[in-house]
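Here's the structure, in structure tokens; my notes come after.
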Amino acid sequence: TDDQTTKDEL
Amino acid sequence: MNMFRFLGDMTHLFSVLVLLLKIHTIKSCAGISLKTQELYAIVFATRYLDLFTDYISLYNTVMKLVYLGSSLSIVWYMRRHKLVRRSYDKDQDTFRHHFLILPCLILALLINEKFTFMEVMWAFSLYLEAVAILPQLVLLQRTRNIDNLTGQYVFLLGAYRSFYILNWIYRYFTEVHYVHWITWISGLVQTLLYGDFFYYYFHSWKNNEKLQLPA
């Protein structure tokens, strides 16, 4: 899923 | 955003500010490894390529800019500033950090979440961050005496990744499908590298003596 690859951590 | 991750980001931010404060006020970078600072600048540059493509939150964007700006200015200070660069002992800071970059790049090409430029760069930045502290730890072993600010800097840097490990455990149990093996393993390796430094740091802090690393 797309949110898997969205990096929300710094 | 959970408390562990926020504490981790603040600790990381504080470690960079401590370093900038030291260099800016006493105009000295004695005991600081330029190689580690250069590696961190590469870590942030390759990690935050999505700065203008993916907007996560204002906090996320601001923190990325602060990390990029501070790491680049520290490198600039140590390379260009006429006073600061004089205090850089380059003959002690001899770790061949280029030998770290290539293996991390090859590993990122082999192990990544998706074989795209962004994902490979992201994996590369995580592998590189895990080992970026090595030149600094080698320099500390060599110079033996660690001034307070440098000791605090390395300690805070280790603490930040320890908080992140708690954050990953928390997210694993609270979020469905939250699995990032690349991040977790790199973060664990990174924290383990600080292990012996932490031991001597706590030891000296407990006995209230000057921090000395064994030869």
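Protein chains in written order, with the working numbering: chain A, 260 to 269; chain B, 613 to 827.
Here a beta-carbon is modelled for each residue, glycine too, at the ideal position from N, C-alpha and C.
The way I'd put it, the segment 716-736 of chain B does touch the segment 788-804 of chain B; three or more beta-carbon pairs between them come closer than 8 Å. Here DSSP, grouped into helix, strand and coil, assigns residue 753 of chain B to helix. At least 8 Å separates the CB of residue 796 of chain B from every CB of chain A. Cα atoms of residue 743 of chain B and residue 802 of chain B: separation of roughly 6 Å, rounded to the nearest angstrom. With contact defined as three or more Cβ pairs closer than 8 Å, the segment 727-738 of chain B and the segment 633-641 of chain B are not in contact. Fewer than three Cβ pairs drawn from the segment 767-787 of chain B and the segment 676-692 of chain B lie within less than 8 Å of each other, which leaves the two stretches out of contact. The three-state reading of DSSP puts residue 704 of chain B in coil, since its state is none of H, G, I, E or B.
Around the beta carbon of residue 818 of chain B, fewer than 16 other beta carbons lie within 10 angstroms, which makes this residue exposed.
In this chain, the alpha helix (DSSP H) harbouring residue 658 of chain B covers 646-659. In terms of beta-carbon proximity, residue 818 of chain B stays away from the interface with chain A, with every pair separated by 8 Å or more. A straight-line Cα-Cα distance of about 8 Å links residue 643 of chain B and residue 759 of chain B. In the DSSP assignment, residue 742 of chain B falls within the alpha helix (DSSP H) that extends over 729-743.
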